[in-house]
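Enquirer:
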Amino acid sequence: MKRHALLFLGLAALAAVPALVRSQGAAYPITVIPTGKGPYTFPQGYQTPWDKIEIMVTEKMSPNLFVLHGSQGLDPAHPDASGGRAMALFGSDGVLMVDTENRQTAEQTLKAIRSFTSAPIRILVNTHIHPDHTGANAFFAKQGAIIFSQEDLQSEMLRPPARGNGQPAPAPDMAGIPVGIYKYNPAAPGQPAVTFTMNGETVDFIPMMPSHTAGDTIVRFRKANAIYIEDFYRNFGYPFADQANGGSIKGMLDASDLIAKLAGPDTTLIPGHGTLIKKNDLLPYRAMLVDILAKVKTLRDQGTSLKDVLAANLTAPYDKATQGDTQQSKDRFITEVYDEVKDFPPIVDGKRTMPRHP
Ligand SMILES: [Zn+2]
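Counting in my numbering, the sequence shown runs from 18 upward without gaps.
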């Protein structure tokens, strides 16, 4: 009887531990809505029904730091969750936003923010230029946000690319152009360019080396122990360096190494897409980049054509572990590596003139 009683006490003590930890606030991050896993298919000619897409609180990093993301299965560009993650730090000092989601879902994004705070929207930082991250810039500037970004992102935005059909480039929407501008300093990687102290949190805007684009910024929330790492890492589909906008696969390696220095073992890393990770999850990703760079370089040095390098199916060992694996995603990745290992064009005003492949 005595032994049983002791055993029972022991179990009760064990059970009490998680409750105690929870009461101390260690239960964050909280996943409210997990990202979709797929597989997803869309019929030919499918058009994204933007009005059906909901922007929701999908993760909570602290009591006043929430992550927003869109519905799954509706947006073929991002079927696991429409748009690119946005974040909102809120409280009596107003709202600080990281990225905006797409232009078409601006109202839904604001509605999601208004579901948890009525504070004025004051600050917006853009992690990179892609429309699923900056599309609603002008909308949120009209709500009162002052927009921050790297100078290269501002340059990219001031010079929109020509339309594919030979039409001239559309004029940039000046209301959405960032005005709080800073640069990446290669002599001090990881150094915050801007720091805000508000709503009980300290937030660092840390400019990155050219990696996903030439104008990347990661955003560190010191108290919540979380870093928004945007899109140089992804775990839905293969890596994407937007080289035309100054991105670089080798820069993605440097970005991974910098995160390894900036993050602690328990720091939550928040990619623009896919699932939340810790810094150890970057290791297999980094190893894949190194492996594919070496293999493609060897083939290209031997004079192998892009077509034959694609046919070599170098990503095969990674397909099983890569969620959202599609032919398009792996071909894009291999083509980027092929273009980077020889005669890689330099960045001019945030852009590279990349070769065209028929
Ligand atoms: Zn992106």
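For each residue, glycine too, the CB sits at the ideal point set by N, CA and C.
Owing to the predicted nature of the structure, the values given are computational and were not obtained by experimental measurement.
Just how far apart, CA to CA, sit Gly62 and Pro96?
Expert: The count along the sequence shown starts at 1 and reaches residue 62 at position 45. The count along the sequence shown starts at 1 and reaches residue 96 at position 79. Distance between the alpha carbons of Gly62 and Pro96: 16 Å.
Enquirer: With DSSP run on the structure shown, which of helix, strand or coil describes Val326?
Expert: Locating residue 326 in the sequence shown gives position 309, counting from the first residue. Helix.
Enquirer: Is Lys128 buried or exposed, if buried means 16 or more other CB atoms sit within 10 Å of its CB?
Expert: Locating residue 128 in the sequence shown gives position 111, where the first residue counts as 1. Exposed, because fewer than 16 other Cβ atoms sit within 10 Å of the Cβ of Lys128.
Enquirer: Is the CB-CB distance between Leu286 and Lys296 below 8 Å?
Expert: As a first step, residue 286 is located in the sequence shown; it is residue number 269 there, counting from the start. As a first step, residue 296 is located in the sequence shown; it is residue number 279 there, counting from the start. Result yes, Cβ atoms of Leu286 and Lys296 sit closer than 8 Å.
Enquirer: Give every residue of the same chain whose Cβ lies closer than 7 Å to the Cβ of Ser172, excluding the five residues on either side of it in the sequence, and list them in chain order.
Expert: Within the sequence shown, numbered from 1, the residue matching residue 172 stands at position 155. Cβ within range, chain order: Asp366 and Gly367.
Enquirer: Let me know the secondary structure DSSP gives Thr285 once reduced to three states.
Expert: For the purposes of this step, residue 285 is identified with residue 268 of the sequence shown, where counting begins at 1. DSSP places Thr285 in strand when its eight states are reduced to three.
Enquirer: Does the stretch 112-125 come into contact with the stretch 312-320, if we say contact requires no fewer than three beta-carbon pairs (one atom in each stretch) closer than 8 Å?
Expert: No, because fewer than three Cβ pairs between the stretch 112-125 and the stretch 312-320 fall closer than 8 Å, the two stretches do not touch.
Enquirer: Looking at the secondary structure, which residues open and close the beta strand (DSSP E) in which Ile198 lies?
Expert: As a working mapping, residue 198 is identified with position 181 in the sequence shown. First-last of the beta strand (DSSP E) with Ile198: Gly197 to Tyr199.
Enquirer: Kindly list the residues whose CB is nearer than 8 Å to the CB of Pro301, restricted to its own chain and excluding five residues on each side of it in sequence; keep chain order.
Expert: Here residue 301 corresponds to residue number 284 of the sequence shown, with the count starting at 1. Excluding sequence neighbours, Pro301 sits near Ala338.
Enquirer: Just to confirm my understanding: we take Asn240, look at its own chain, exclude 5 residues before and 5 after, and list those with CB closer than 8 Å. What are they?
Expert: Here residue 240 refers to the residue found at position 223 when the sequence shown is read from its first residue. The sequence given here places Lys at residue 240; Asn does not occur at that position. If we look at Lys240 and ignore the five residues flanking it on each side, its Cβ neighbours are Ser79, Gly217, Glu218 and Thr219.
Enquirer: Would Asp259 and Glu247 be called neighbours here (beta carbons separated by less than 8 Å)?
Expert: Counting from 1 along the sequence shown, the entry for residue 259 is found at position 242. Counting from 1 along the sequence shown, the entry for residue 247 is found at position 230. No, the pair does not count as a contact, with Cβ atoms beyond the cut-off.
Enquirer: DSSP on Asp274, reduced to helix/strand/coil?
Expert: What you label residue 274 is simply residue 257 of the sequence shown in a count that begins at 1. Helix, per DSSP.
Enquirer: When the Cα atoms are used, what is the spatial distance from Ala333 to Gly193?
Expert: Start at 1 with the first residue of the sequence shown, and residue 333 comes out as number 316. Start at 1 with the first residue of the sequence shown, and residue 193 comes out as number 176. So the alpha carbons of these two residues sit roughly 41 Å apart.
Enquirer: For Ser346, which of Val358, Leu91, Asn330 and Glu357 has the nearest alpha-carbon?
Expert: As a working note, residue 346 is residue 329 in the sequence shown. Ranking the options by Cα distance to Ser346, first place goes to Asn330.
Enquirer: In this structure, does DSSP put Glu218 in helix, strand or coil?
Expert: Residue numbering aside, residue 218 sits at position 201 when the sequence shown is read from its first letter. Residue state, collapsed to three classes: strand.
Enquirer: Within a Cβ cutoff of 6 Å, which residues of the same chain sit near Gly87, ignoring the five residues on either side of it in sequence?
Expert: Translated into the one-based positions of the sequence shown, residue 87 becomes position 70. For Gly87, where only same-chain residues beyond five positions count, the Cβ hits under 6 Å are Ile70, Ile72, Ala98, Ser99 and Gly100.
Enquirer: Taking just the CA atoms, how far does Ala204 sit from Phe59?
Expert: The sequence position of residue 59 within the sequence shown is 42, counting from 1. The sequence position of residue 204 within the sequence shown is 187, counting from 1. Rounded to whole angstroms, Phe59 to Ala204 spans 46 Å at the Cα level.
Enquirer: Roughly how many whole angstroms lie between the Cα atoms of Pro195 and Val74?
Expert: Numbered from 1 along the sequence shown, position 178 holds the residue referred to as residue 195. Numbered from 1 along the sequence shown, position 57 holds the residue referred to as residue 74. C-alpha separation (whole angstroms): 25 Å.
Enquirer: Would you identify the three-state DSSP class for Gln345, choosing helix, strand or coil?
Expert: Start at 1 with the first residue of the sequence shown, and residue 345 comes out as number 328. Three-state result, Gln345: helix.
Enquirer: Count the other CB atoms within 10 Å of the CB of His374; is the residue buried (16 or more) or exposed (fewer)?
Expert: Along the sequence shown, one-based indexing puts residue 374 at 357. Burial call: exposed.
Enquirer: Can you tell me whether Pro301 is helix, strand or coil according to DSSP?
Expert: Numbered from 1 along the sequence shown, position 284 holds the residue referred to as residue 301. In this structure, Pro301 counts as helix in the three-state DSSP scheme.
Enquirer: Given that a residue counts as buried once 16 or more other Cβ atoms are within 10 Å of its Cβ, and exposed if not, what is Glu353?
Expert: As a position in the sequence shown, residue 353 is number 336, starting the count at 1. When all chains shown are included, Glu353 counts as buried.
Enquirer: In angstroms, rounded to a whole number, what distance separates the CA positions of Ile266 and Ser228?
Expert: Counting from 1 along the sequence shown, the entry for residue 266 is found at position 249. Counting from 1 along the sequence shown, the entry for residue 228 is found at position 211. Roughly 6 Å separates the two Cα atoms.
Enquirer: Is the beta carbon of Ala280 sitting closer than 8 Å to the one on Ile223?
Expert: On the sequence shown, residue 280 is found 263 positions in, with the first residue counted as 1. On the sequence shown, residue 223 is found 206 positions in, with the first residue counted as 1. Against a cut-off of 8 Å, the Cβ pair of Ile223 and Ala280 comes out as no contact.
Enquirer: If we ignore side chains and look at the alpha-carbon of each, how far apart do Thr230 and Asp348 end up?
Expert: If you number the sequence shown from 1, residue 230 lands on position 213. If you number the sequence shown from 1, residue 348 lands on position 331. Using only the alpha carbons, I get a separation of about 19 Å.
Enquirer: Would the C-beta of Asp97 count as close to ligand 1, meaning under 7 Å from any of its heavy atoms?
Expert: Here residue 97 refers to the residue found at position 80 when the sequence shown is read from its first residue. It does not: the Cβ of Asp97 is nowhere closer than 7 Å to a heavy atom of ligand 1.
Enquirer: Return the CA-CA distance between Asp169 and Pro372, expressed in angstroms with no decimal places.
Expert: Indexing the sequence shown from 1 puts residue 169 at position 152. Indexing the sequence shown from 1 puts residue 372 at position 355. Roughly 21 Å between the two C-alpha positions.
Enquirer: Ends of the alpha helix (DSSP H) at Thr151?
Expert: For the purposes of this step, residue 151 is identified with residue 134 of the sequence shown, where counting begins at 1. First-last of the alpha helix (DSSP H) with Thr151: Pro148 to Thr151.
Enquirer: Within the continuous beta strand (DSSP E) that includes Thr126, where are the two ends?
Expert: On the sequence shown, residue 126 is found 109 positions in, with the first residue counted as 1. Looking at the DSSP string, Thr126 is not in any beta strand (DSSP E); the run it does join, the alpha helix (DSSP H), is Ala123 to Arg131.
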